[in-house]
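Everything below concerns the one structure shown next.
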Amino acid sequence: MDEIEKMLLLQVADLHKIPEGAYNIRKDGAGEGRRSTANIEIAERSDGNPGIDIIVKPGTKRESVHIPVVITRSGLQDTVYNDFYIGEDADVLIIAGCGIHNCGKQQSEHSGVHTFHIGRNARVRYVEKHYGEGDGNGENVMNPTTQILMEEGAQMEMETTQIKGIDSTERVTRAELKAGATLVIREKIYTHGKQFAKTDFSVDLNGDGSSADVVSRSVAAQTSYQEFISRINGNGRCKGHTECDAIIMDAARVTAVPELSANNVDAELIHEAAIGKIAGEQLLKLMTLGLSEQEAEEQIIKGFLS
Amino acid sequence: MLELQNVCFSVKNGGEEKIILNDVSLKIGERFVAITGPNGSGKSTLAKLIAGILTPTSGKILFDGEDVTQLSVTERARRGISFAFQQPVRFKGITVKDLVSLAAGKKIGMNEACSYLSEVGLCARDYIDREVDASLSGGELKRIEIATILARGTRFSVFDEPEAGIDLWSFQNLIAVFEKMYRKVQGSILIISHQERILNIADKIVVIAGGRVDREGAREEVLPHILGSSACRALTDKMEEANGRD
Ligand SMILES: Nc1ncnc2c1ncn2[C@@H]1O[C@H](COP(=O)(O)OP(=O)(O)O)[C@@H](O)[C@H]1O
Ligand SMILES: [Mg+2]
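Here is the structure:
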């Protein structure tokens with residue numbers, strides 16, 4: 001087992017623990033357990049779609065919500081809609097994870113559509129982990145869509161991680177920010193085999209003093225292919241930064257497509273992209289410490305994605 | 307004991323052959339050997355040949371009697387050769403503690419990791435969790451590089467201009483590090499340096515010029531020849547330049 005697989009296993013373990021605070025566990029397309037707390041209500045959706053509404057009372061501080069999804073059946077197609085309503089001045093941690101254990105021969109697919117309504121001056125830290133495992137020839141497909149609607153002064157920090165396991169993914173993130181709102185996104189992706197991963201970020205900085213910082217770090221190995229699209233529209237006095245930092249190995253390919261539109265003279269937008277293989281001197285340095293070339297590579301990737 | 311036998315190294319430059327090291331033979335068995343010489347004379351190339359980063363065009367390298375000329379960097383490292391780069395490498399996401407642990411070859415405790423950092427004059431608490439990336443200054447990076455060599459504790463260590471990029475104040479500290487290393491060393495330290503203070507603690511000094519061994523011998527014998535010579539003035543200039551930086 002290599003270092004990267006060990007890291008993956010740790011994340012699997014995290015997902016299977018009974019969480020503290022409010023939670024909703026979804027397994028193979030049905031509810032497995034749910035708990036609301038005094039300040040956080042988790043309820044069935046009223047529009048009949050599968051999924052839940054998560055309502056956080058204004059002023060709720062330092063509470064957490066866990067919403068893991070686990071798929072163990074081969075051939076399952078699951079689409080779920082979750083809406084988060086975060087009250088004014090609240091400060092919460094939301095952990096979403098999706099694991100597919102696909103040991104069969106059919107494609108398993110999970111599509112989560114998450115919508116965040118973040119109230120004035122509320123803070124959300126949102127952590128999303130995706131993993132897939134399977135020893136059959138089934139395909140694990142995950143297509144998460146995240147919509148983020150931020151009121152004045154709202155803050156959101158979103159961390160998404162996808163390491164190996166997922167064969168195909170198209171992740172779409174849309175955000176609209178009002179005055180003084182701040183959005184930070186950190187994405188980590190590792191693809192191998194003939195996997196495909198596409199990320200598509202689009203952020204509208206509508207209010208004065210709003211800002212967005214989107215950073216993607218990724219590793220593409222073997223014959224996998226990644227596409228990174230980041231679009232920022234600066235419609236007010238705002239600051240936007242996007243960065244794509246990718247390591248390519250073997251015959252993998254990565255495309256980074258930035259699109260910055262400044263529609264206001266006070267919009268400041270920056271895009272950075274760096275794609276390349278592991279620097280030879282990094283490998284050499286670790287080899288002078290006694291690591292083999294392969295061990296050196298693993299350590300460099302593990303650090304890069306940590 | 308490390309031995310170079312008639313080592314040559316050349317590169318092809320658009321059909322034209324450029325000789326960088328020409329028939330270098332050296333025995334390094336003393337506790338502390340300093341290599342000095344003008345810029346571009348081939349010192350770093352020599353260090354890289356010893357570490358296995360480069361392979362000689364001809365000639366042999368023996369380590370404790372074994373011919374290691376064809377061994378890889380990893381194999382030489384595992385046999386007990388350490389190498390501190392002139393320009394240390396940066397890594398995104400790898401912390402100082404990770405790097406020191408990798409150097410030690412095992413998971414090490416906080417105390418042990420910190421002790422190596424303290425030895426090179428870094429306040430361990432401030433650095434242990436920092437990433438070895440662009441956020442570190444050149445001087446900090448050089449000291450961390452030296453700490454990784456201390457953590458390895460091998461029989462043979464090569465340092466390529468450890469003083470470059472280290473400010474004058476820290477330089478005193480660095481000298482103390484090498485003086486201490488000299489007392490504790492269980493094998494040989496080979497240090498490429500332009501610093502008189504470092505040359506002063508060497509048992510043996512080797513002067514490289516134009517890809518050849520220009521002079522070699524005990525410190526008392528070699529030092530008077532290079533101090534005050536034009537070569538040395540060039541070295542002093544370089545040293546001031548290095549100290550002015552960073
Ligand atoms: N790969 C290379 N190709 C061409 N010239 C090189 C190469 N490596 C080193 N050199 C040249 O060899 C000489 C010796 O370099 P180096 O060993 O770095 O010198 P020093 O460390 O003594 O300053 C220099 O003139 C340098 O430019
Ligand atoms: Mg040099």
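Protein sequence lines correspond, in order, to chains Z and Y. Residue numbering for the first sequence follows the numbering used here, starting at 1 and increasing by one per position. Residue numbering for the second sequence follows the numbering used here, starting at 307 and increasing by one per position. Note that the Cβ used here is the ideal one computed from N, Cα and C, for glycine as well. Everything numeric in this text was worked out from a predicted model, so none of it was measured.
Beta-carbon contacts of residue i that lie in its chain and below 7 Å, excluding the five residues immediately before and after
i: Ala-508 (chain Y); result: Phe-338, Val-339, Ala-340, Arg-525
i: Arg-62 (chain Z); result: Asp-91
i: Ala-179 (chain Z); result: Glu-152, Gly-207, Asp-208, Gly-209, Ser-210
i: Asp-370 (chain Y); result: Met-307
i: Glu-451 (chain Y); result: Ala-390, Phe-391, Pro-394
i: Ile-42 (chain Z); result: Ala-22, Asn-24, Arg-34, Ser-36, Ile-52, Ile-54
i: Glu-139 (chain Z); result: Gln-107, Asp-167, Ser-168
i: Glu-20 (chain Z); result: Ser-64
i: Gly-29 (chain Z); result: Leu-76, Asp-78
i: Arg-503 (chain Y); result: Ile-481
i: Glu-323 (chain Y); result: Ser-316
Residue i, DSSP secondary structure in three states
i: Pro-144 (chain Z); result: coil
i: Val-513 (chain Y); result: strand
i: Lys-198 (chain Z); result: strand
i: His-531 (chain Y); result: helix
i: Arg-231 (chain Z); result: strand
i: Ala-296 (chain Z); result: helix
i: Phe-484 (chain Y); result: helix
i: Gln-282 (chain Z); result: helix
i: Glu-243 (chain Z); result: strand
i: Ser-441 (chain Y); result: coil
i: Phe-304 (chain Z); result: helix
i: Ile-450 (chain Y); result: helix
i: Arg-525 (chain Y); result: helix
i: Gly-136 (chain Z); result: Only weak support is given to the placement of Gly-136 (chain Z): the predicted model assigns it a pLDDT of 44, under 50, and the value that follows is read from those uncertain coordinates. Gly-136 (chain Z): coil per DSSP, three-state reduction.
i: Ala-470 (chain Y); result: coil
i: Glu-372 (chain Y); result: strand
Whole-angstrom distance between residue j and residue i, CA atom to CA atom
i: Glu-467 (chain Y); j: His-500 (chain Y); result: 8 Å
i: Gln-77 (chain Z); j: His-110 (chain Z); result: 6 Å
i: Ala-181 (chain Z); j: Ser-261 (chain Z); result: 19 Å
i: Gly-99 (chain Z); j: Asn-263 (chain Z); result: 40 Å
i: Leu-368 (chain Y); j: Gly-493 (chain Y); result: 15 Å
i: Ser-230 (chain Z); j: Leu-377 (chain Y); result: 46 Å
i: Val-124 (chain Z); j: Arg-171 (chain Z); result: 20 Å
i: Thr-242 (chain Z); j: Ala-409 (chain Y); result: 35 Å
i: Met-487 (chain Y); j: Gln-226 (chain Z); result: 49 Å
i: Arg-458 (chain Y); j: Gly-321 (chain Y); result: 41 Å
i: Thr-145 (chain Z); j: Gly-48 (chain Z); result: 19 Å
i: His-165 (chain Z); j: Thr-191 (chain Z); result: For clarity, residue 165 (chain Z) is Gly in the given sequence; the question names His instead. Using only the alpha carbons, I get a separation of about 8 Å.
i: Gly-471 (chain Y); j: Asn-479 (chain Y); result: 14 Å
i: Ser-218 (chain Z); j: Glu-259 (chain Z); result: 19 Å
i: Leu-447 (chain Y); j: Ile-163 (chain Z); result: 31 Å
i: Tyr-433 (chain Y); j: Phe-116 (chain Z); result: 38 Å
i: Arg-26 (chain Z); j: Thr-161 (chain Z); result: 19 Å
i: Ser-46 (chain Z); j: Gly-444 (chain Y); result: 60 Å
i: Gly-415 (chain Y); j: Lys-194 (chain Z); result: 40 Å
Cβ neighbours of residue i in the same chain (closer than 6 Å, five flanking residues each side left out)
i: Ser-292 (chain Z); result: none
i: Arg-186 (chain Z); result: Glu-159, Val-215
i: Ala-267 (chain Z); result: Gly-234, Cys-238
i: Val-203 (chain Z); result: Ala-175, Ala-212, Ile-232
i: Val-56 (chain Z); result: Ile-40, Ile-86, Gly-87, Ala-90, Val-92
i: Val-257 (chain Z); result: Ile-229
i: Ile-270 (chain Z); result: His-241
Check whether residue i and residue j have beta carbons under 8 Å apart
i: Val-379 (chain Y); j: Gly-358 (chain Y); result: yes
i: Ile-275 (chain Z); j: Ala-246 (chain Z); result: yes
i: Phe-477 (chain Y); j: Ile-498 (chain Y); result: no
i: Leu-456 (chain Y); j: Glu-418 (chain Y); result: no
i: Leu-374 (chain Y); j: Arg-384 (chain Y); result: Checking the sequence, you will find Val at residue 374 (chain Y) rather than Leu. Cβ distance not < 8 Å, so Val-374 (chain Y) and Arg-384 (chain Y) don't count as in contact.
i: Gln-294 (chain Z); j: Asp-250 (chain Z); result: no
i: Ala-273 (chain Z); j: Cys-244 (chain Z); result: yes
i: Met-142 (chain Z); j: Ile-118 (chain Z); result: no
i: Asn-312 (chain Y); j: Ser-364 (chain Y); result: yes
i: Gly-348 (chain Y); j: Leu-327 (chain Y); result: yes
i: Gly-59 (chain Z); j: Asn-82 (chain Z); result: no
i: Ile-334 (chain Y); j: Leu-529 (chain Y); result: no
i: Ile-94 (chain Z); j: Tyr-131 (chain Z); result: no
i: Leu-332 (chain Y); j: Val-512 (chain Y); result: yes
i: Val-438 (chain Y); j: Ile-481 (chain Y); result: no
i: Gly-411 (chain Y); j: Gly-240 (chain Z); result: no
i: Phe-462 (chain Y); j: Gly-386 (chain Y); result: yes
8 Å CB neighbourhood of residue i in its chain, flanking five on each side removed
i: Ala-430 (chain Y); result: Ala-419, Cys-420, Ser-421, Leu-423, Ser-424
Closer than 7 Å: residues whose CB approaches a heavy atom of ligand 2: Y:Lys-349, Y:Ser-350, Y:Gln-392, Y:Asp-466, Y:Glu-467, Y:Ile-498
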